[in-house]
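Protein chains in written order, with the working numbering: chain A, 130 to 359; chain B, 130 to 359.
Ideal Cβ placement from N, Cα and C applies to all residues, glycine included.
Working notes, beginning with the structure itself.
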DNA sequence: GAGTGGTCTAGACCACGGT
DNA sequence: CCGTGGTCTAGACCACTCA
């Protein structure tokens, strides 16, 4: 049965790859050949194969042709929801409380992460995120007031700094680092857990158009899992 | 300066969105209008906007038109490298050692994860992954021998089970869960760390065409960070 | 040099989904 | 209903890169 849509062709070829019709790294037919086989325009095959390449399933090179990926990447798509969604998707009620808020000298370590000079002012925030009034995550954040001056006097009651920034400075990009931290006494008391608890930790530094916006660390309460599909 | 390539148009429109030309959730011009503005075919604008939609920057609906995403997703692209690459990208030498290998009754918890009946045989493997001969990660794995019967007698010396599966059953998909675990004495001794250490943990269950292939848990040595960009 | 994928065009028809 | 995005076509030219 011939498919004449790019998605139909894509899935047909995907099945043929999974079935092992071409070995890992082996050359596949060219666009013209597939177009003839499926009875469609080359453009349509092009889109089907381009999508498979974006999925990490095949490799394409001009003149070199199309090959099954020699070593398939484990391509993971991870979407980190904002905290409110993480809590509410568990069926709990989300609240947050700003426990510390101060414009102060920025620690050297943070200045380095944000690549800002000593003179740049930053807003330091500590926020406790609650699920059904139990600690869910504890957040330490530095906001570059050069990049987001309006943060200094922002109300952060309705929206947490997290959400406020997403709305105010959307589409920023950055780096994330995930790790496990052993809770010290400060962190343990903030999260209402015991000293030495294993704490899932997310570090993020965010940039917009080359300017550092914020550096933040989230410490999640015990039992937290970050789930996603590959 | 007018761009006449889809990537040029995409970047131009991306900049206009970031600059705030349209508010969050606001309706943007249609494809035809952009095509006229940039002096190109509608197809070209279509591809530019489609890419922006895949990036999570805009939303598109037939008849409804194109809008800036009301609440921008925090779109994270995470690629989990195979362990060898994680180690070698740190400039260390990778080795692994299979410390346990047995075909045995499958624990109920694993049978549930894999959705296999009690009669299905599984291969249980424990592997220690080393960076410069120091423990880097400890792996517990169950392989569904119905799905991958050749695993039972596979040599796992040159390649770890991880790599062997990637080569043998490429393109499988699945679910991943990240968390932090407090090391018990078994795990602590395997990773040559102390009792109670905070251990970064990755759980993965993998499927191919509806059949469970493997369930695996990686426990990473202290100090490990999983980094990626958003 | 020559073959392959990458892209653009102009036109067409279709499917979804507000009105 | 009808406007919008989704897609396909046939043809063309280009850019990369292998031989």
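{"Asked": "Within 8 angstroms (strictly less), CB to CB, does residue 133(B) reach chain A?", "Found": "no"}
{"Asked": "First and last residue of the beta strand (DSSP E) that includes residue 305(A)?", "Found": "302-311"}
{"Asked": "I'd like the span of the alpha helix (DSSP H) that includes residue 144(A), first residue to last.", "Found": "135-147"}
{"Asked": "So, are the CB atoms of residue 228(B) and residue 273(B) less than 8 angstroms apart?", "Found": "no"}
{"Asked": "Taking C-beta pairs closer than 9 angstroms, name the residues in chain A that residue 355(B) reaches, listed in chain order.", "Found": "305, 306, 307, 308"}
{"Asked": "By the 9 angstroms beta-carbon criterion, what residues does the stretch 316-330 of chain B contribute toward chain A?", "Found": "325, 326, 327, 328, 329, 330"}
{"Asked": "Which same chain residues end up closer than 8 angstroms to residue 279(A) when comparing Cβ atoms and leaving out the 5 residues on each side of it in sequence?", "Found": "297"}
{"Asked": "Got a sec? Which residues, its chain only, sit under 6 angstroms from residue 249(B) by beta carbon, not counting five neighbours each side?", "Found": "275"}
{"Asked": "For the stretch 193-203 of chain A and the stretch 344-352 of chain A, state whether three or more C-beta atom pairs, one from each stretch, are separated by less than 8 angstroms.", "Found": "no"}
{"Asked": "From the beta carbon of residue 300(A), is the nearest beta carbon of chain B less than 8 angstroms away?", "Found": "yes"}
{"Asked": "Looking only at its own chain, which residues have a Cβ that is under 6 angstroms from the Cβ of residue 175(B), when we skip the five neighbours before and after it?", "Found": "160"}
{"Asked": "If you scan the stretch 236-316 of chain B from start to end, which runs of the beta strand (DSSP E) of 3 or more residues do you find wholly inside it?", "Found": "251-260, 263-273, 302-311"}
{"Asked": "Quick one, are the C-beta atoms of residue 281(B) and residue 232(B) less than 8 angstroms apart?", "Found": "yes"}
{"Asked": "Is there contact between the stretch 281-291 of chain A and the stretch 304-318 of chain A, where contact requires at least three CB pairs shorter than 8 angstroms?", "Found": "no"}
{"Asked": "Which word fits residue 311(A), buried or exposed, when buried means at least 16 other C-beta atoms lie within 10 angstroms of its C-beta?", "Found": "buried"}
{"Asked": "Taking DSSP as the reference, what is the three-state secondary structure of residue 153(B)?", "Found": "coil"}
{"Asked": "Look at the alpha carbon of residue 341(A) and the alpha carbon of residue 327(A), and state the distance between them as a whole number of angstroms.", "Found": "30 angstroms"}
{"Asked": "Beta-carbon of residue 359(A) versus every beta-carbon of chain B: anything under 8 angstroms?", "Found": "yes"}
{"Asked": "Listed from N- to C-terminal order along the chain, which residues in the stretch 280-298 of chain B have their beta-carbon within a distance smaller than 9 angstroms of any beta-carbon of chain A?", "Found": "292, 295, 296"}
{"Asked": "Given that residue 138(B) touches chain A, what residues does it touch there, using C-beta distances under 7 angstroms?", "Found": "Residues of chain A passing the Cβ test: none, with the nearest at roughly 17 angstroms."}
{"Asked": "Would you mind working out which of 151(B), 153(B), 135(B), 186(B) sits nearest residue 171(B), comparing C-alpha positions?", "Found": "135(B)"}
{"Asked": "Within 10 angstroms of the Cβ of residue 133(A), are there 16 or more other Cβ atoms? Answer buried if so, exposed if not.", "Found": "exposed"}
{"Asked": "So is residue 236(B) buried or exposed if we call it buried at 16+ other beta carbons inside 10 Å?", "Found": "exposed"}
{"Asked": "Roughly how many angstroms lie between the CA atoms of residue 179(B) and residue 356(A), to the nearest whole one?", "Found": "27 angstroms"}
{"Asked": "Considering only the alpha carbon of each residue, which of 209(A), 153(A), 308(A) lies closest to residue 299(B)?", "Found": "153(A)"}
{"Asked": "May I ask you to list, following chain order, the residues of the stretch 147-171 of chain B that have a beta carbon less than 7 angstroms from some beta carbon of chain A?", "Found": "147, 153"}
{"Asked": "Taking C-alpha atoms, which residue in 246(B), 208(B), 257(B), 192(B) lies nearest to residue 223(B)?", "Found": "257(B)"}
{"Asked": "Relative to the C-alpha of residue 338(A), which candidate in 146(B), 137(B), 333(B) has its C-alpha closest?", "Found": "146(B)"}
{"Asked": "Do residue 139(B) and residue 177(B) have their CB atoms nearer than 8 angstroms?", "Found": "yes"}
{"Asked": "May I ask you to report which of helix, strand or coil DSSP gives residue 353(A)?", "Found": "coil"}
{"Asked": "Looking only at DSSP bridge pairs, what is residue 337(B) linked to?", "Found": "340(B)"}
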